[in-house]
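Colleague: Have a look at this one before I ask anything.
Numbering (this note's numbering), first residue to last: 20 to 239.
So this is what it looks like as structure tokens:
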């Protein structure tokens, strides 16, 4: 069964008129129901279910638009869905090729987080020290503490210079409990972690097979 001019997203929301194409030059006649083996125009998703005799997750719907195809088919009819994204072909190649870049970025971010956490802890300790709250004898020498803070700040600036060109800012942060923030100082800057998508899987094998093999050929 072939169905054209479905007029999505209305195809998934309304019972629209259905026409059967009866001649090669496109002459159509109105019909009440679709049937297997026919060529139709218009109609609705519910008509397709009735014509095929199946419904829900017995149908796999393949589309190329996340809203007019995948989302509505899943939400309204519980169809299984597959999304065709031509750009993924280039993205998977770029992800595999950029693996060393992301590994270096992750390493720099971890260093920045470690140094930044130490800097924030010392900064908070200095603030308490100046306010007269002396929790430990480690910070009796304020000059030495200021010197350590300055050195850590320089290290973070160097890391920022390296990270900046590599990083696209994303300001979303999620956490399940507000109490999880208690271990952080008020100066902590949170960054959302990199998210893995479905096509990110098995990139290690793809990268090793494609790019490390090329590297070996270039060195030989």
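Ideal Cβ placement from N, Cα and C applies to all residues, glycine included.
Between which two residues does the alpha helix (DSSP H) carrying residue 27 extend?
Modeller: The sequence position of residue 27 within the chain shown is 8, counting from 1. From DSSP, residue 27 is part of no alpha helix (DSSP H); its letter is neither H nor E.
Colleague: Under 8 Å, Cβ to Cβ, is there at least one residue of chain C near residue 54?
Modeller: Here chain C cannot be found, since the structure has a single protein chain.
Colleague: In angstroms with no decimal places, state the Cα-to-Cα distance between residue 85 and residue 92.
Modeller: For this step, residue 85 is matched to residue 66 along the chain shown. For this step, residue 92 is matched to residue 73 along the chain shown. Straight-line Cα distance between these residues: approximately 10 Å.
Colleague: In whole angstroms, what separates the C-alpha of residue 190 from that of residue 171?
Modeller: As a working note, residue 190 is residue 171 in the chain shown. As a working note, residue 171 is residue 152 in the chain shown. Here the model assigns residue 190 a pLDDT of 37, short of 50, so the residue's position is not dependable, and the following value carries that caveat. Distance between the alpha carbons of residue 190 and residue 171: 24 Å.
Colleague: At the level of alpha carbons, what is the spacing between residue 194 and residue 100?
Modeller: Along the chain shown, one-based indexing puts residue 194 at 175. Along the chain shown, one-based indexing puts residue 100 at 81. Residue confidence is low: residue 194 scores 44 on pLDDT, short of 50, so the model does not pin down where it sits. Its coordinate-derived value is still stated next. In a straight line, the C-alpha of residue 194 is about 30 Å away from that of residue 100.
Colleague: Would you say the region 65–72 touches the region 113–131, given that touching needs at least three Cβ pairs under 8 Å?
Modeller: In short, these stretches do not touch, since the Cβ pair count stays below three.
Colleague: Determine contact between the region 132–144 and the region 171–181, defined as no fewer than three beta-carbon pairs at a distance below 8 Å.
Modeller: yes
Colleague: Roughly how many angstroms lie between the CA atoms of residue 75 and residue 94, to the nearest whole one?
Modeller: Looking up residue 75 in the chain shown gives position 56. Looking up residue 94 in the chain shown gives position 75. Each residue's Cα considered, the two are about 10 Å apart.
Colleague: Taking the runs of the beta strand (DSSP E) that are 3 residues or longer, which of them lie wholly in the region 56–104?
Modeller: 58–61, 79–82, 99–102
Colleague: How long is the line joining the alpha carbons of residue 80 and residue 108, rounded to whole angstroms?
Modeller: For this step, residue 80 is matched to residue 61 along the chain shown. For this step, residue 108 is matched to residue 89 along the chain shown. Near 21 Å, if we compare the C-alpha coordinates of residue 108 and residue 80.
Colleague: I need the straight-line Cα distance from residue 23 to residue 88, nearest angstrom please.
Modeller: By one-based count along the chain shown, residue 23 stands at place 4. By one-based count along the chain shown, residue 88 stands at place 69. For residue 23 and residue 88, the distance between alpha carbons rounds to 14 Å.
Colleague: Check whether the Cβ atoms of residue 38 and residue 21 lie closer than 8 Å to each other.
Modeller: Residue mapping note: residue 38 aligns to position 19 of the chain shown, counting from 1. Residue mapping note: residue 21 aligns to position 2 of the chain shown, counting from 1. Taking 8 Å as the Cβ cut-off, residue 38 and residue 21 do not qualify as a contacting pair.
Colleague: Given that a residue counts as buried once 16 or more other Cβ atoms are within 10 Å of its Cβ, and exposed if not, what is residue 117?
Modeller: Here residue 117 is taken as the residue at index 98 of the chain shown, counted from 1. Looking at its Cβ environment, which holds fewer than 16 other Cβ atoms inside 10 Å, residue 117 is exposed.
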